[in-house]
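K.L.:
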Amino acid sequence: MTKYIFVTGGVVSSLGKGLTSASIGMILERMGFTISMQKLDPYINVDPGTMSPFQHGEVYVTDDGTEADLDLGHYERFTDTPITKDSNYTAGKIYRSVILKERRGEYLGQTVQVIPHITDEIKAAIRRGASSAPDVAITEIGGTVGDIESLPFLEAIRQFNLDEGPGNCLFIHLTLLPYLRASGELKTKPTQQSVGKLREIGIQPQILICRTEKAMSRDMADKISLFCNVRKDAVIEERDVDYSIYEVPINLVQAGLDRQILAHLGLQPRRGAEWGDWKRMLDTIQHPEHTIEIGVAGKYIELHDAYKSIYEALHHAGIAHACKVRIRKVSAESVANQGADGPLAGVDGILVPGGFGERGFEGKIETVRYARVNRIPFFGICYGMQAAVVEYARHVLQIPDATTTEYQPQAANPVIDMMEEQKSIKEMGGTMRLGAFECTLAPGTISQRVYGAERISERHRHRFELNNAYRARLAEAGLVMAGVNERLDLVEIVEIADHPFFVGVQYHPEFKTKPMRPHPLFREFIGAAIQHSLHCRGASRAAHIEA
Ligand code: GLN
0 MTKYIFVTGG VVSSLGKGLT SASIGMILER MGFTISMQKL DPYINVDPGT
50 MSPFQHGEVY VTDDGTEADL DLGHYERFTD TPITKDSNYT AGKIYRSVIL
100 KERRGEYLGQ TVQVIPHITD EIKAAIRRGA SSAPDVAITE IGGTVGDIES
150 LPFLEAIRQF NLDEGPGNCL FIHLTLLPYL RASGELKTKP TQQSVGKLRE
200 IGIQPQILIC RTEKAMSRDM ADKISLFCNV RKDAVIEERD VDYSIYEVPI
250 NLVQAGLDRQ ILAHLGLQPR RGAEWGDWKR MLDTIQHPEH TIEIGVAGKY
300 IELHDAYKSI YEALHHAGIA HACKVRIRKV SAESVANQGA DGPLAGVDGI
350 LVPGGFGERG FEGKIETVRY ARVNRIPFFG ICYGMQAAVV EYARHVLQIP
400 DATTTEYQPQ AANPVIDMME EQKSIKEMGG TMRLGAFECT LAPGTISQRV
450 YGAERISERH RHRFELNNAY RARLAEAGLV MAGVNERLDL VEIVEIADHP
500 FFVGVQYHPE FKTKPMRPHP LFREFIGAAI QHSLHCRGAS RAAHIEA
């Protein structure tokens, strides 16, 4: 029988609820339990696909083609549980299905209300999230306790706990202990008030996880226990990490979270949890042998969350080479305005990530040109791959007005064009080419070598593609069509053979990487960047000696 854990957050947003939930999932998996992970988001958008990355950070994509909250990325990076369309529900998605049922007359004349109809729909969504019948289903509730919009979700989990009966549900509340520099102390009042709010609506958290920048003393934990009605040893410290988010699961185990979860759910571990490999990985992160710098030229670089999975993927690839990867965030627009030389001087590799629209696209094209002619390892992802194709068409094929119809619909030379099946689509939400598609790799290519496979599957999110009308000419001019979806006849990977590393992919490899299992293309890209950096350092040392 499945047991349920609900993770709520209090005091402030951005506390790291996603990371903490993912860590809980990982801790359970390491004890031999099967799990499922789910996020409930209280906003009204049906999914984050129509939101600007500045609003919501990156849009994560699942294998089955859902555009989802970026916390699902943490779930996939920390755990081995499959993430599906049922792993993320928003208020909008819940309301949409209730309203559709109402229109079909399924409520048989009743007045449709938040309680019980919306809350029933939320409870059904929680059960769908656990349809694999795992030992433990973990559901994170987005937003902060006290928000108006999260109330139906909190009410639903209160009812859920009642339906399931004693010992089957566990409420974990993540809270903040702010540190007041003036008085030099941590404060518990916001936590008391946040737990008070939860208790008002009938939820008594059994475990409190306290985010703090300073050590939480035993006295402080006892005080929180007394005022919040939580057992003393269930007040768990979650200190700010020193050097990596991947410290969080181990820190939580050291603070006793694993034992508390087992005790509250009445579970016996299936096996003794092994953390040796994880500790060795953390040690590698802490003591790298190399340091390199990768330039990421994008449109949303001001916001770290906008390219979260890209940065994590680079970090994972670095771990495989015992290499610290510094990121130089470069605005693609600044490259368009002032050229690539200044902003990208001295980087060891260049990555152009996905994106949409006109702003920054010319800068991305110039960034690709800079990487290509200066033989700097280059990795282009989605819009970045499309920029690479446009650049090749303009400067190698000598078609100066080559472009994408994404921002020049009447282009004379649309080397990137809208996919045929996209042309009739009018609605914006959830209508791109989404989710996992197969790709066949050409022999003798970088991709085929590093994947070590002939067929792969990767996740997509785009409307445009390499225009097949230009494929033969591009190939003749040396652009290698390294991966193709044979069924749809779409080019998915382009490479340049005469270059240390030049790969553009139409899909999003950054969604399939874990700290100890980096994505093969990212791993190879970082390997090439290390070679580039050693070569440059060697060259500058030689010049120095000569002088
Ligand atoms: N804007 C491009 C398209 O829709 C690329 C999308 C992306 O980078 N995710 O095809």
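Residue numbering for the sequence shown is 0 to 546, as defined by numbering that gives the first Met the number 0. We put the beta carbon where it would ideally sit given N, CA and C, even for glycine.
So, at 6 Å on beta carbons, what are the nonlocal neighbours of E523 in its own chain, with the 5 sequence-adjacent residues on each side left out?
P.N.:
V449
K.L.:
Can you tell which of D119, I206, M280 has its C-alpha closest to the C-alpha of H314?
P.N.:
M280
K.L.:
Among the residues of its own chain, which have a CB less than 6 Å from the CB of A21, if the five just before and after it don't count?
P.N.:
H73, Y74, F77
K.L.:
In terms of residues, what are the limits of the beta strand (DSSP E) holding L440?
P.N.:
432-440
K.L.:
Ends of the alpha helix (DSSP H) at V324?
P.N.:
First-last for V324: 322-330, but that is the beta strand (DSSP E), not the alpha helix (DSSP H).
K.L.:
To the nearest angstrom, report how far apart T118 and A220 are at their CA atoms.
P.N.:
34 Å
K.L.:
Leaving out five residues on either side along the sequence, give the residues of the same chain with a beta carbon under 7 Å from the beta carbon of E212.
P.N.:
Result list for E212: Y178, D239, in chain order.
K.L.:
So, do the segment 318-338 and the segment 513-533 have three or more beta carbon pairs nearer to each other than 8 Å?
P.N.:
yes
K.L.:
Quick check: the Cα distance between V483 and L489, rounded to an integer number of angstroms?
P.N.:
6 Å
K.L.:
Assuming S532 and I291 make a contact with CB atoms under 8 Å, what is their CB distance in whole Å?
P.N.:
Yes, they are in contact, since the Cβ atoms of S532 and I291 sit about 5 Å apart, within 8 Å.
K.L.:
Please confirm whether T174 and L150 have their CB atoms less than 8 Å apart.
P.N.:
It is not a contact, given that the beta carbons lie outside the stated cut-off.
K.L.:
So T1 and A132 are in contact, right, with Cβ under 8 Å, and what is the actual spacing, rounded?
P.N.:
Your pair T1 and A132 checks out as a contact, with CB atoms roughly 6 Å apart and the cut at 8 Å.
K.L.:
Thinking C-alpha only, which one of R486, H507, R358, I260 is nearest E332?
P.N.:
R358
K.L.:
If I follow the unbroken beta strand (DSSP E) through H459, where does it start and stop?
P.N.:
Counting along the chain, the unbroken beta strand (DSSP E) around H459 starts and ends at 454-461.
K.L.:
Assuming I223 and V234 are in contact, meaning their beta carbons sit under 8 Å apart, how far apart are those beta carbons, in whole angstroms?
P.N.:
5 Å
K.L.:
Could you tell me the distance, in whole angstroms, from the CA atom of Y406 to the CA atom of G356?
P.N.:
6 Å
K.L.:
So, are the CB atoms of R270 and G31 less than 8 Å apart?
P.N.:
yes
K.L.:
Once you ignore the five residues that flank Y382 on each side, which residues in its own chain have a CB closer than 6 Å to its CB?
P.N.:
Excluding positions up to five away in sequence, the list reads G353, G354.
K.L.:
Under 7 Å: does the beta carbon of R516 sit that close to some heavy atom of ligand 1?
P.N.:
no
K.L.:
Whole angstroms is fine: what's the gap from G341's alpha carbon to S12's?
P.N.:
37 Å
K.L.:
Measuring CB atoms only, is the segment 430-442 touching the segment 52-71, in the sense that at least three cross pairs come out at less than 8 Å?
P.N.:
As far as the Cβ criterion goes, the segment 430-442 touches the segment 52-71, which means the pair count is three or higher.
K.L.:
Any idea if H303 is buried or exposed, counting beta-carbon neighbours within 10 angstroms, 16 or more meaning buried?
P.N.:
exposed
K.L.:
When DSSP labels each residue in this structure, what does K38 get in the three-state scheme?
P.N.:
strand
K.L.:
Of all the options A386, D68, A452, which has the alpha carbon lying nearest to the alpha carbon of D46?
P.N.:
D68
K.L.:
Which of helix, strand or coil does DSSP assign to C209?
P.N.:
strand
K.L.:
Just reading off the beta strand (DSSP E) that M480 is part of, what are its end residues?
P.N.:
478-484
K.L.:
Look at I349 and S330 and say whether their C-beta atoms are less than 8 Å apart.
P.N.:
no
K.L.:
To the nearest angstrom, how far is it from the Cα of E509 to the Cα of H459?
P.N.:
11 Å
K.L.:
Can you tell me where the beta strand (DSSP E) with C168 in it begins and where it stops?
P.N.:
First-last of the beta strand (DSSP E) with C168: 168-175.
K.L.:
If I'm right that F377 touches V388 with Cβ under 8 Å, what's the distance once you round it to whole angstroms?
P.N.:
Contact doesn't hold; Cβ gap of about 13 Å is too wide.
K.L.:
Whole angstroms is fine: what's the gap from T49's alpha carbon to T83's?
P.N.:
19 Å
K.L.:
Quick one: Cα of G537 to Cα of H289, how far?
P.N.:
14 Å
K.L.:
Could you pull the DSSP bridge partners for N412 from this structure?
P.N.:
A401
K.L.:
So, at 7 Å on beta carbons, what are the nonlocal neighbours of Q385 in its own chain, with the 5 sequence-adjacent residues on each side left out?
P.N.:
Excluding positions up to five away in sequence, the list reads T403, I415, F463.
K.L.:
Look up Y242 in the DSSP assignment and give the residues it is bridged to.
P.N.:
Paired residue(s): none; Y242 is not in a bridge.
K.L.:
Determine whether the beta carbon atoms of P41 and E148 lie at a separation below 8 Å.
P.N.:
Taking 8 Å as the cut-off, the Cβ atoms of P41 and E148 count as close.
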